[in-house]
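What follows is a short report on a single structure.
Protein chains: 2
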Amino acid sequence: MTPQNDRFLRALRREPVDCTPVWLMRQAGRYLPEYRATRAKAGSFMGLATNPELACEVTLQPLARFDLDAAILFSDILTIPDAMGLGLSFAEGEGPRFAHPVRNAADVAKLFVPDMDKELRYVMDAVTLIRHELHGRVPLIGFSGSPWTLACYMVEGGGSDNFSRIKAMLFSEPALLHKLLGVVTDAVIAYLSAQRSAGAQALQVFDTWGGVLAPHHYREFSLPYLTRIARELPRGEGIERTPLIVFGKGNAPYLEELAASGTEGVGVDWTVALGEARRRTGGRVALQGNLDPATLYGTPDAIRAETRRALDDFAAANGGSRAGHIFNLGHGLSPDMDHERVKVLVDAVHEFSRM
Amino acid sequence: MTPQNDRFLRALRREPVDCTPVWLMRQAGRYLPEYRATRAKAGSFMGLATNPELACEVTLQPLARFDLDAAILFSDILTIPDAMGLGLSFAEGEGPRFAHPVRNAADVAKLFVPDMDKELRYVMDAVTLIRHELHGRVPLIGFSGSPWTLACYMVEGGGSDNFSRIKAMLFSEPALLHKLLGVVTDAVIAYLSAQRSAGAQALQVFDTWGGVLAPHHYREFSLPYLTRIARELPRGEGIERTPLIVFGKGNAPYLEELAASGTEGVGVDWTVALGEARRRTGGRVALQGNLDPATLYGTPDAIRAETRRALDDFAAANGGSRAGHIFNLGHGLSPDMDHERVKVLVDAVHEFSRM
Chain A
744 MTPQNDRFLR ALRREPVDCT PVWLMRQAGR YLPEYRATRA KAGSFMGLAT NPELACEVTL
804 QPLARFDLDA AILFSDILTI PDAMGLGLSF AEGEGPRFAH PVRNAADVAK LFVPDMDKEL
864 RYVMDAVTLI RHELHGRVPL IGFSGSPWTL ACYMVEGGGS DNFSRIKAML FSEPALLHKL
924 LGVVTDAVIA YLSAQRSAGA QALQVFDTWG GVLAPHHYRE FSLPYLTRIA RELPRGEGIE
984 RTPLIVFGKG NAPYLEELAA SGTEGVGVDW TVALGEARRR TGGRVALQGN LDPATLYGTP
1044 DAIRAETRRA LDDFAAANGG SRAGHIFNLG HGLSPDMDHE RVKVLVDAVH EFSRM
Chain B
744 MTPQNDRFLR ALRREPVDCT PVWLMRQAGR YLPEYRATRA KAGSFMGLAT NPELACEVTL
804 QPLARFDLDA AILFSDILTI PDAMGLGLSF AEGEGPRFAH PVRNAADVAK LFVPDMDKEL
864 RYVMDAVTLI RHELHGRVPL IGFSGSPWTL ACYMVEGGGS DNFSRIKAML FSEPALLHKL
924 LGVVTDAVIA YLSAQRSAGA QALQVFDTWG GVLAPHHYRE FSLPYLTRIA RELPRGEGIE
984 RTPLIVFGKG NAPYLEELAA SGTEGVGVDW TVALGEARRR TGGRVALQGN LDPATLYGTP
1044 DAIRAETRRA LDDFAAANGG SRAGHIFNLG HGLSPDMDHE RVKVLVDAVH EFSRM
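Protein sequences appear in the order of chains A and B. If you're matching positions, the first sequence starts at 744 in the working numbering and goes up one per residue. If you're matching positions, the second sequence starts at 744 in the working numbering and goes up one per residue.
Set out below in structure tokens:
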């Protein structure tokens, strides 16, 4: 069923739009007081993420405030390794931790593709509930972490500054790392496919840490697995096809390769100009991005000027057309950002792109 | 006076070398037990950095262990803002802090170019002492933070995850930020010039945080100030010229512009292949880099293979010649790295590049 507002899906098909669609990574989050209230009610982050009613509630919150063109499932990229038995927890203000990180061949041998109807049922229930509660207003995006990015957390056991453990594995036991990435890729494909079956109308893969790799390692340990997802993930045909977006921090050097990977959309961070990204991808994919999130620390005038600049940079490289552009930040919103400025941004995207 | 080992200076002039010179960012540092002993003796990091005898001692330590082709002054990039009265301190394991960060026009108005013979005398004394104690064995590199990178610390008041304060200034008070960057650039030029007079035989600018900027902001707030330094820093002519290296994390998108800035060398991180960097800079500058520092978490075999790969990637793009390449990491050594593996790396550079 086509949503009432299908700008986002049209943009992913590179069809003409009345104005450029916009959604924001981490649009449901701590910068919203109503999110903080629901989060307090849930008791913990995982309490919130694993409760479909509460996950639905926070997913819809930003749509009540802002004229956004898509909703994104409220969840976490680490649900897959958690379902593999790694024991995810979030210590307050500390980021994610795994009780059982993956450090050797025995740990890798224990990994499996979780049952989407059991260990990850709560995610699918949330997707179905959110889709229902959206009443077709805007499309719902499901998502997953990328294989490389999930592997980073699984091997490091949490966040990392220098990725010393996974890089030790990459340099010393590359075959073991490939085995790990293979299982995770199988799980990501099953996970995204199940989200699609549960009601997700678009799917995004977050390759948050691809940019920490040297080019020859990115091409060996991240890109092939992103490509496998883009090629193997079943998602229908033609107008019914559920589009995939591959977002990557630091993916600018690889835009040509990502455009040839089989994905419908590529999300880019703010370190590449959108016009250049458009030229280098040659219109083969839709582009999503890419305002520096820190723009939201600027004045409303600055936010409007930067928004207009990004829109026009894309259009100038796209033969004057705005088709094929989904506006977003180059990375997620931060807790200390002001929701009134977020509104300025969202409204500016529609205002300027209607001109 | 030409040092006995002048490979590093020859490479910066893109002259033939018997083998590729190598030094490593943060080669004097916590991964060395003898450094930790001297550091303990000094009482604090700043106690070490401000004591010319101890700074000399730690500068020379890695040269006693490894066959390095250059020494680099042991100091910190934040000496300039400290000398401007910002009150630098290092809390154990917390990184740098400024007691008086720069937040508004009144703060910027108070900034001044420090007197190199007074507030920064200890740096010049260290340079002269180290140069003397090197007995002409290898050249001595002096250094400074880049204007943008220093401004980040000055405005944030220390390290930052999202650079919210300086980006707020960038978006809301760009003229004020330019004023700040102008004074800092004057100070950097005076500082590098004084280090040269004190005995430094090459100079490096660290633009550690240039890569957090969107391209149009990098071209407005970092690149022009790097270019001013490259053009205005007095450094002699011909064979007597003191070469400048501009290193930048995330500077890969700007290699053509950096090669045209007037610098003799460009240092790159590990997210760009050296061969590509060579092609894009067209042999106009020497290139320094760029092994992923995390390679040192790998086995000796992996370290040797990656070293050979980087050397050969450069040479293949350089008409088969190794001239114009200074081997280094793409970023600094970390405290948890193993000095025995550092030795494997240094020796591998010379071994493979002699072939």
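For each residue, glycine too, the CB sits at the ideal point set by N, CA and C. Remember, it's a predicted structure, so these values are computed and weren't measured experimentally.
*Under the assumption that Pro1078 (chain A) contacts Arg773 (chain A) (Cβ atoms under 8 angstroms), give the Cβ distance between them as a whole number of angstroms.*
Taking the first sequence and counting its residues from 1, one reaches residue 1078 (chain A) at position 335. Taking the first sequence and counting its residues from 1, one reaches residue 773 (chain A) at position 30. The pair is a contact, with the Cβ atoms about 4 angstroms apart (cut-off 8 angstroms).
*Compare the Cα-Cα distances from Glu777 (chain A) to each of A:Pro746, A:Val760 and A:Leu797 and report the closest residue.*
Here residue 777 (chain A) is taken as the residue at index 34 of the first sequence, counted from 1. Measuring from the Cα of Glu777 (chain A), the nearest candidate turns out to be A:Leu797.
*Which residues of chain A have a Cβ atom closer than 7 angstroms to the Cβ of Gly993 (chain B), listed in chain order?*
Within the second sequence, numbered from 1, the residue matching residue 993 (chain B) stands at position 250. The contacting residues are Thr1014.
*What number of angstroms, rounded off, separates the C-alpha of Ala1105 (chain B) from the C-alpha of Ser1004 (chain B)?*
What the structure shows of chain B is the stretch from 744 to 1098, and residue 1105 (chain B) is not part of that stretch, so it cannot be assessed.
*Which bits of chain A does Phe910 (chain B) rub up against, with CB to CB less than 8 angstroms?*
To locate residue 910 (chain B), count along the second sequence from 1; it is residue 167. Residue 910 (chain B) is actually Lys in this sequence, not Phe. Near Lys910 (chain B) (Cβ distances below 8 angstroms), the residues of chain A are Asp1035, Ala1037, Thr1038, Tyr1040 and Gly1041.
*Any beta-carbon of chain B closer than 9 angstroms to the one on Pro958 (chain A)?*
Along the first sequence, one-based indexing puts residue 958 (chain A) at 215. Judged by the 9 angstroms Cβ criterion, Pro958 (chain A) is in contact with chain B.
_Tell me the rounded alpha-carbon separation between Arg1052 (chain B) and Arg808 (chain B)._
Position 309 of the second sequence, counting from 1, holds the residue named residue 1052 (chain B). Position 65 of the second sequence, counting from 1, holds the residue named residue 808 (chain B). About 24 angstroms.
*What are the boundary residues of the alpha helix (DSSP H) that Val870 (chain B) is part of?*
By 1-based counting over the second sequence, the position of residue 870 (chain B) is 127. Val870 (chain B) -> alpha helix (DSSP H) spans Arg864 to Leu877.
*Terminal residues of the alpha helix (DSSP H) in which Leu811 (chain B) lies*: Here the question's residue 811 (chain B) lines up with position 68 in the second sequence. Counting along the chain, Leu811 (chain B) falls outside any alpha helix (DSSP H), and DSSP gives it neither H nor E.
_Reference Leu998 (chain B); option with closest CA among B:Glu980, B:Pro986 and B:Glu1019_ = Working through the second sequence from its first residue, we reach residue 998 (chain B) at position 255. The option with the nearest alpha carbon to Leu998 (chain B) is B:Glu1019.
*Are the C-beta atoms of Leu767 (chain A) and some chain B residue less than 9 angstroms apart?*
Here residue 767 (chain A) refers to the residue found at position 24 of the first sequence. No - not a single Cβ of chain B is within 9 angstroms of the one on Leu767 (chain A).
*Scan the stretch 814-868 of chain A and note each continuous beta strand (DSSP E) run of 3 residues or more that stays entirely inside, going in chain order.*
831-834 and 838-841
*Gly925 (chain B): which of B:Phe906, B:Ala957, B:Thr892 and B:Gly902 sits nearest, CA to CA?*
Position 182 of the second sequence, counted from the first residue, corresponds to residue 925 (chain B). Here the closest residue by C-alpha is B:Thr892.
_Cβ shell of Gly942 (chain B) (< 6 angstroms), same chain only, five flanking positions each side left out_ = Position 199 of the second sequence, counting from 1, holds the residue named residue 942 (chain B). For Gly942 (chain B), where only same-chain residues beyond five positions count, the Cβ hits under 6 angstroms are Val870, Thr871 and Arg874.
*Name the DSSP beta bridge partners of Gln947 (chain B), please?*
Residue mapping note: residue 947 (chain B) aligns to position 204 of the second sequence, counting from 1. Paired residues: B:Phe886 and B:Ile988.
*Element boundaries [alpha helix (DSSP H), containing Ile909 (chain B)]*: As a first step, residue 909 (chain B) must be located in the second sequence, where it is residue number 166. Start and end: Ser907 to Ser915.
*Just the chain A side, please: which residues come within less than 7 angstroms of Phe833 (chain B) by C-beta, in chain order?*
Here residue 833 (chain B) corresponds to residue number 90 of the second sequence, with the count starting at 1. Result: empty, since nearest Cβ-Cβ is about 17 angstroms, beyond 7 angstroms.
*Taking 9 angstroms as the CB-CB cut-off, is Pro996 (chain B) touching chain A?*
Counted from its first residue, the second sequence places residue 996 (chain B) at position 253. Chain A, which has a Cβ nearer than 9 angstroms to the Cβ of Pro996 (chain B), makes this yes.
_Distance check for Gly954 (chain A) and Asn1071 (chain A), CA to CA, integer angstroms please._
As a working note, residue 1071 (chain A) is residue 328 in the first sequence. As a working note, residue 954 (chain A) is residue 211 in the first sequence. Going from the Cα of Asn1071 (chain A) to the Cα of Gly954 (chain A) covers about 19 angstroms.
_Using only CA atoms, which one of A:Arg840, A:Thr763, A:Ala1029 and A:Tyr865 lies nearest to Gly790 (chain A)?_
Numbered from 1 along the first sequence, position 47 holds the residue referred to as residue 790 (chain A). Ranking A:Arg840, A:Thr763, A:Ala1029 and A:Tyr865 by Cα distance to Gly790 (chain A) puts A:Tyr865 first.
*So Val1089 (chain B) is in the alpha helix (DSSP H); what residue range does that whole segment cover?*
Counting from 1 along the second sequence, the entry for residue 1089 (chain B) is found at position 346. Residues His1082 to Arg1097.
*asked:* For Ala754 (chain A), would you say it is in contact with chain B, using Cβ-to-Cβ distances shorter than 9 angstroms as the test?
replied: For this step, residue 754 (chain A) is matched to residue 11 along the first sequence. No, Ala754 (chain A) lies away from the interface with chain B (no Cβ there is under 9 angstroms from its Cβ).
*Relative to the C-alpha of Leu935 (chain A), which residue among A:Ile988, A:Ala849, A:Asp1056 and A:Gly1063 is closest?*
Taking the first sequence and counting its residues from 1, the one referred to as residue 935 (chain A) is at position 192. Cα-wise, what sits closest to Leu935 (chain A) is A:Ile988.
*Identify which residue in A:Val1089, A:Glu983, A:Leu976 and A:Gly979 has its Cα closest to the Cα of Gly1032 (chain A).*
Position 289 of the first sequence, counted from the start, is the residue given in the question as residue 1032 (chain A). Per the Cα distances, A:Val1089.
*For Leu863 (chain A), which residues of its own chain have a beta-carbon under 6 angstroms away from its beta-carbon, when the five flanking residues on both sides are left out?*
Within the first sequence, numbered from 1, the residue matching residue 863 (chain A) stands at position 120. Here the set comprises Ala826 and Pro857.
*Could you check where the beta strand (DSSP E) with Gly1010 (chain B) kicks off and where it finishes?*
As a working note, residue 1010 (chain B) is residue 267 in the second sequence. Unbroken beta strand (DSSP E) run through Gly1010 (chain B): Gly1008 to Val1011.
_Per DSSP, the bridge partner or partners of Ala1029 (chain B)_ = Residue mapping note: residue 1029 (chain B) aligns to position 286 of the second sequence, counting from 1. Paired residue(s): B:Gly1008.
*Between the stretch 1039-1051 of chain B and the stretch 1009-1029 of chain B, do three or more beta carbon pairs fall short of 8 angstroms?*
no
*Using CA coordinates, which residue listed in B:Leu1039, B:Glu899 and B:Lys922 is at the minimum distance from Ser915 (chain A)?*
The residue labelled residue 915 (chain A) in the question sits at position 172 within the first sequence. Nearest option by C-alpha distance: B:Leu1039.
*Go ahead and pull the three-state DSSP assignment for Val927 (chain A).*
Translated into positions along the first sequence, residue 927 (chain A) becomes position 184. Helix.
_Using 8 angstroms as the cut-off, can you tell me whether the stretch 882-899 of chain A makes contact with the stretch 814-834 of chain A, which would need three or more C-beta pairs spanning the two stretches below that distance?_
yes
*Where in the stretch 1012-1078 of chain A do unbroken runs of the beta strand (DSSP E), each at least 3 residues long, occur, reported from the N-terminal end onward?*
1029-1034 and 1068-1072
*Count the CB pairs spanning the stretch 1090-1098 of chain A and the stretch 751-771 of chain B that are closer than 8 angstroms, and state whether there are at least three.*
no
_What residue range does the alpha helix (DSSP H) around Tyr961 (chain A) cover?_
As a working note, residue 961 (chain A) is residue 218 in the first sequence. First-last of the alpha helix (DSSP H) with Tyr961 (chain A): Pro958 to Phe964.
*Reducing DSSP to helix, strand and coil, say where Val898 (chain B) ends up.*
Along the second sequence, one-based indexing puts residue 898 (chain B) at 155. It is helical.
_Same chain, Cβ closer than 6 angstroms to Ala1058 (chain A), neighbours up to 5 away in sequence not counted_ = To locate residue 1058 (chain A), count along the first sequence from 1; it is residue 315. These residues qualify, in order along the chain: Arg1065.
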